[in-house]
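So the sequence lines, in the order shown, correspond to chains A and B.
Numbers 1021 to 1408, taken from this note's numbering, label the letters of the first sequence in order.
Numbers 50 to 125, taken from this note's numbering, label the letters of the second sequence in order.
No residue lacks a Cβ here, since even glycine has one placed at the ideal position from N, Cα and C.
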Amino acid sequence: MKNYYDIIVVGAGPAGSVAARFAAEQGVSVLMLEKDRDVGYPVRCGEAISKAGVEEFIPSDDKWIAARINKFSLNSPDKTEVIIEFQDAGYVLERRIFDYELAKKAADAGAEILTRAYVNGLLFENDKVAGVKYEFRGEQKEAKAKIVIGADGVESRVGRWAGLKTYVHFRNMECCTQVTAANIKVDSETLYFYFGKNVAPGGYFWVFPKGNNIANIGLGVSGIVGKDKSALSYLNDFINQHYSNAPILTSIAGGVPSSITLEKISAPGIMLVGDAARQVNPLSGGGIASGMIGGSIAGKIAGQAIKSNNLDLILSYDKAWHERLGKRHEIFERIKNGIFNFSDEKFNKIARSFNKIPYEKRTLGRLFATALVNQPSLLMDIAKVFVV
Amino acid sequence: MEQKFRQAKTGKLMIEILPDKCDFCGCCVGVCPEDAIELKEAIISIIDERCTNCAKCVWSCPIEVLKFNKEGVFAY
């Protein structure tokens, strides 16, 4: 282990691993530090992703695909079910294997990786970020770098230390808890979503199949909701009602920063990617694909900046991200805010009126258009991000 | 005075983490405006000098790990 690298990546989730890979592929030296003892574990995620989102970065592989999805089932409070079919929509992943494979790809590209390395501060030189302080097996260490990439997730502190405003308003924090349970008899090719004030106000409840009658069952609610009733309490209610005797294989909690991207995701010597940059799709709460995209852009620019010896180049990352996805996320945020406070009756009405559309013409875009038919400005937004 | 306000009459902190319940997910760290919570692999702690008792962490915790000791509020 050296104590000087061109680039140090903090966090070995999908965003960090892709950033490390894209940087290392350009022949610069990269170290990736992970605080946990295993890359990919513990999992903090519902694990669903679109096929296109995955395949931009890694060829599909059965060893990390738990289920192949081609249908969404969206359920309103009065149990009106809306089914939307897709071709090759995506997967429910085994994140612990998926993350591990992504990290292996970074290693193949030449990145060094160290687990159980907890970054607890930054080094500065002339007001520029110049490396990290980290604890490794009880010993305090330092490593210098020209560029630090913060991929340290929802709990990110790297950005704050560098002076970036990273704090998430608790309204925008989707507070999630999930169990992976056995003996759940659901269609293994369908993602199930449940809406309404009794199941997940201001968010949604999910049942995502993982094959062999195993499923991820969980929900996310805004921090505002958590003031009155916790996500855990909603989860327990749902499980008692529907799956009271299901064996629980894992049980986890997590936070999804469901806002638009931070105002600034780079500064001299530092770039933020993934959840740390708040690059989650604020409507779906999905962050694996968008985090990998953020990671790839950051990794590529960081590598170029080192090679061209022009470190100011990293400041172009903000714009590159904004063009690729940041703008879209602003649209998703507006749509989310449009439906955030819908009443149960409203959800029921939308579901019934959507079900009048011929089956083969049902798309997500049309569903949102049905939901927001009274808000013309949002209809334009929907047309920009969905096929209607 | 500020330091006093942070302490409950019982001597307990106004905001408390119940580590036995914690899943170390980092939700509270993300919503903390003061960078007052520290999360290592499976160690979580409040940095007392920075905490302002805003309770955003309490509301955001998905699994009821953080607790707000109301009885500890001083009436200034």
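What is the DSSP secondary structure of residue i, counted as helix, strand or coil?
i        : result
E1075(A) : helix
G1294(A) : helix
C100(B)  : coil
C71(B)   : coil
Y1111(A) : strand
L1252(A) : helix
D1058(A) : strand
S1397(A) : helix
K1099(A) : coil
G1315(A) : helix
L1211(A) : strand
D1147(A) : coil
D1026(A) : strand
K1284(A) : coil
W1226(A) : strand
G161(B)  : Look at the range of chain B in this structure, 50 to 125, and you will see that residue 161(B) is not part of it.
G1305(A) : coil
F1118(A) : helix
F110(B)  : As written in the sequence, residue 110(B) is Cys, which differs from the Phe given in the question. Coil, per DSSP.
S1264(A) : coil
P1034(A) : helix
L1331(A) : helix
So, under 8 Å CB-CB, residue i and residue j are touching, yes? Tell me the CB distance rounded to an integer number of Å.
i        : j        : result
G1231(A) : A1087(A) : 5 Å
Q1261(A) : I1237(A) : With a Cβ gap of about 12 Å, Q1261(A) and I1237(A) do not count as contacting.
G1346(A) : L1398(A) : Going by Cβ atoms, the distance from G1346(A) to L1398(A) rounds to 19 Å, so no, they are not a contact pair.
Thinking C-beta only, is residue j closer than 7 Å to residue i?
i        : j        : result
E1162(A) : K1148(A) : no
L1333(A) : A1325(A) : yes
G1060(A) : Y1111(A) : no
G1319(A) : F1042(A) : yes
Q1299(A) : G1314(A) : yes
A1109(A) : N1095(A) : no
E1175(A) : V78(B)   : yes
G1216(A) : S1242(A) : no
R1116(A) : R1057(A) : no
L1269(A) : T1186(A) : no
V1188(A) : V1030(A) : no
L1053(A) : L1134(A) : yes
A1039(A) : A1182(A) : no
Taking the alpha-carbon positions, what's the residue i to residue j distance?
i        : j        : result
G1275(A) : R1386(A) : 29 Å
F1367(A) : P1097(A) : 7 Å
F1106(A) : F1118(A) : 23 Å
G1311(A) : M1021(A) : 27 Å
K1125(A) : G1307(A) : 20 Å
A1322(A) : T1281(A) : 19 Å
L1122(A) : A104(B)  : 37 Å
I1317(A) : E1132(A) : 20 Å
Y1224(A) : E1380(A) : 25 Å
G1151(A) : K1166(A) : 7 Å
M1291(A) : L1335(A) : 8 Å
Y1214(A) : D1295(A) : 24 Å
R1354(A) : G1158(A) : 46 Å
L1211(A) : D1128(A) : 34 Å
E1155(A) : S1264(A) : 43 Å
E1101(A) : I1028(A) : 47 Å
F1228(A) : K1356(A) : 21 Å
L1331(A) : A1171(A) : 19 Å
K70(B)   : C106(B)  : 15 Å
P1062(A) : P1396(A) : 43 Å
Please list the partners that residue i has in chain C, where partner means a Cβ-to-Cβ separation under 8 Å.
i       : result
S109(B) : Of the protein chains in this structure, namely A and B, none is chain C.
*asked:* Using a Cβ distance threshold of 8 Å, determine whether the segment 1042 to 1052 of chain A contacts the segment 1203 to 1222 of chain A, with at least three qualifying pairs required.
replied: Taking 8 Å as the limit for Cβ pairs, the verdict is that the segment 1203 to 1222 of chain A does not touch the segment 1042 to 1052 of chain A.
*Could you say if the segment 1242 to 1253 of chain A and the segment 89 to 98 of chain B meet the contact criterion of at least three C-beta pairs nearer than 8 Å?*
They do not touch, by the three-pair rule.
_Assess contact between the segment 1337 to 1352 of chain A and the segment 1188 to 1197 of chain A, defined as three or more Cβ pairs (one per stretch) separated by less than 8 Å. Is contact present?_
Touching, no, given that fewer than three Cβ pairs across the two stretches are closer than 8 Å.
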